[in-house]
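J.: Below you will find the structure I want to go over with you.
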Amino acid sequence: MAMVAMALWMGVLSGYDIAQRRLPNWLTLPGAVVVIAAAHIAGRGLSAVLGGSVLAGLYAVVHLVSRRGMGAGDVKLALGLGALTGCYGADVWFLAALVAPVLTTVVALVRGVRRVPHGPSMCLASATAVGLVVW
């Protein structure tokens with residue numbers, strides 16, 4: 001049930017980012033809170049908080065250096081997705097963190113554009129990394 005809820009959350013986030021080119025707080029932040037709370041209940045709270053904090057911190061640095069390269073919504077989404085992948089281990093977190101920018105770059109190259117929403121790639125990379133462990 002929890003995985004279905006996460007998949008729905010990521011689907012809504014991805015669709016919204018594609019359509020609106022933004023990730024609103026009302027979608028990103030409650031998801032992060034739910035992921036961290038669920039991880040805490042499952043005994044993985046520390047891993048989730050570390051994963052979310054580190055990924056959001058890395059994204060925040062990119063955002064501060066290049067606001068055009070990374071939106072604030074991506075930074076806030078990184079908190080929840082970093083927490084999700086972090087509670088499954090450093091290898092899952094690392095895989096998702098590396099694959100997301102590669103996916104975004106590939107989409108931009110294939111479409112022949114300079115800017116594409118990064119949220120869908122973040123969601124797909126995180127879901128895939130977690131899926132590899134869960135299934």
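In UniProt numbering, the protein residues as written are 1 to 135. Glycine included, each C-beta is placed from N, C-alpha and C at the ideal position. Keep in mind the model is a prediction, meaning the values are calculated, not measured.
Please report the distance separating the alpha-carbon of SER14 from that of LEU95.
T.: Within the sequence shown, the letter at position 14 stands for residue 14. Within the sequence shown, the letter at position 95 stands for residue 95. So the alpha carbons of these two residues sit roughly 19 Å apart.
J.: Taking PRO24 as the reference, which of GLY73, LEU132 and LEU124 has the closest Cα?
T.: For the purposes of this step, residue 24 is taken as the residue at position 24 of the sequence shown. Closest option to PRO24, Cα to Cα, is GLY73.
J.: Just the C-alpha distance for GLY45 and VAL54, rounded to the nearest angstrom, thanks.
T.: Within the sequence shown, residue 45 is the residue found at index 45, counting from 1. Within the sequence shown, residue 54 is the residue found at index 54, counting from 1. Answer to the nearest angstrom: the Cα atoms are 14 Å apart.
J.: Kindly give me the distance between the Cβ atoms of VAL35 and ALA108, rounded to whole angstroms, as I take these residues to be in contact under 8 Å.
T.: Locating residue 35 in the sequence shown gives position 35, counting from the first residue. Locating residue 108 in the sequence shown gives position 108, counting from the first residue. With 8 Å as the limit, VAL35 and ALA108 do not qualify as a contact, their Cβ atoms being about 28 Å apart.
J.: Should SER121 be labelled buried (16 or more other beta-carbon atoms within 10 Å of its own) or exposed?
T.: Counting from one through the sequence shown, the residue named residue 121 turns up at place 121. SER121 should be labelled buried.
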